[in-house]
Amino acid sequence: MADVRNRPLSPHLQVYRPQITSVLSITHRATGIVLSLGSVFLVLWLLAAASGPRAFEIAQDCAGSWLGYVFLFAFSLALFYHLLNGIRHLFWDMGHGFELTTATRTGWAVVLGALALTAVAWILGTHIVGGM
Amino acid sequence: MASKKRRLGPAHTGTGHFWHQRLTAIALIPLTLFFVGLLPNLAGATYAEFVTLMKFPVTPIALALLVGVGLWHMKLGLQTIIEDYIHSEGCKVAAQICMTFATVLLGVAGLVALVMLAA
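In structure tokens, the structure reads:
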């Protein structure tokens, strides 16, 4: 194992200028962590619902509070970003889209697409379906 | 021999993590879209409305798949993050154990809740 520790290392990440490709790559991880936290709340919410009307009302009040809305908004943005960038990853897995210009273009498409889908989902969800 | 020496496991299982991450990712595309469509109906729903929604088999089935496949996907992602950022071998193993146990706990809790709601 000793030789493993003395292997040469590539320069530390901080020496590189941030680029759209690298920033979106770390954002994919960050949104994955946000969604992990979201899954904890989803399961807690399901447990509350399974516990009966009283617990469900409390869970709904928490989700409907301003803090709940902030979290739900962050969760939805992270969800759409991770979904779209994940599809971008699946195309890379099939060998498509590695050219720098294409990677830059699909990267910006993911950012704009995530913002647009989040906006559409909240507008439709709050005004047309009228659930909130 | 080389794989045994480096404790990386048998050579033919090397693509398992990669493959399962992609498999769950593909499954999560329709499941996520279903969940997004369901959310406005869940938000602000009364208990009676929610119970009615859960009596349609498609709702608990899709939510159970979302919880199961989603948490599996989450486990694979968090495993990579722990491998990349925790460098002490002891902490790394401890973190993987805690993360795996927490994932299984969340999965079982979520599925039991769904079974209770659908029953």
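Sequence lines, in order, name chains B and E. Taking the working numbering, the leading residue of the first sequence gets 1, the next gets one more, and so forth. Taking the working numbering, the leading residue of the second sequence gets 133, the next gets one more, and so forth. All C-beta atoms in this analysis are idealised placements derived from N, C-alpha and C, irrespective of residue type, glycine included.
Say whether chain B places a C-beta atom closer than 7 Å to the C-beta of residue i.
i, result
"residue 206(E)", "yes"
"residue 222(E)", "no"
"residue 217(E)", "no"
"residue 248(E)", "yes"
"residue 192(E)", "no"
"residue 185(E)", "no"
Applying the 10 Å Cβ sphere with the 16-neighbour rule, what's the burial state of residue i?
i, result
"residue 98(B)", "exposed"
"residue 150(E)", "exposed"
"residue 186(E)", "buried"
"residue 19(B)", "exposed"
"residue 10(B)", "exposed"
"residue 101(B)", "exposed"
"residue 13(B)", "exposed"
"residue 22(B)", "exposed"
"residue 43(B)", "buried"
Residue i versus chain E: which residues are under 8 Å apart at the beta carbon?
i, result
"residue 79(B)", "164, 168"
Taking DSSP as the reference, what is the three-state secondary structure of residue i?
i, result
"residue 150(E)", "helix"
"residue 178(E)", "coil"
"residue 10(B)", "coil"
"residue 219(E)", "coil"
"residue 89(B)", "helix"
"residue 206(E)", "helix"
"residue 188(E)", "coil"
"residue 96(B)", "coil"
"residue 251(E)", "coil"
"residue 65(B)", "coil"
Kindly indicate if chain E contains any beta-carbon less than 7 Å away from that of residue i.
i, result
"residue 136(B)", "Residue 136(B) is absent from the model: chain B starts at 1 and stops at 132."
"residue 70(B)", "no"
"residue 56(B)", "yes"
"residue 32(B)", "yes"
For residue i, return the contacting residues in chain B, with the cut-off set at a CB-CB distance below 8 Å.
i, result
"residue 233(E)", "Per Cβ cutoff of 8 Å: no residues; residue 233(E) is ~14 Å from chain B at best."
"residue 226(E)", "The contacting residues do not exist; residue 226(E) stays about 18 Å from chain B at best."
Just to make sure I have the definition right: I need the residues of chain B whose C-beta is within less than 7 Å of the C-beta of residue i. Which are they?
i, result
"residue 209(E)", "32"
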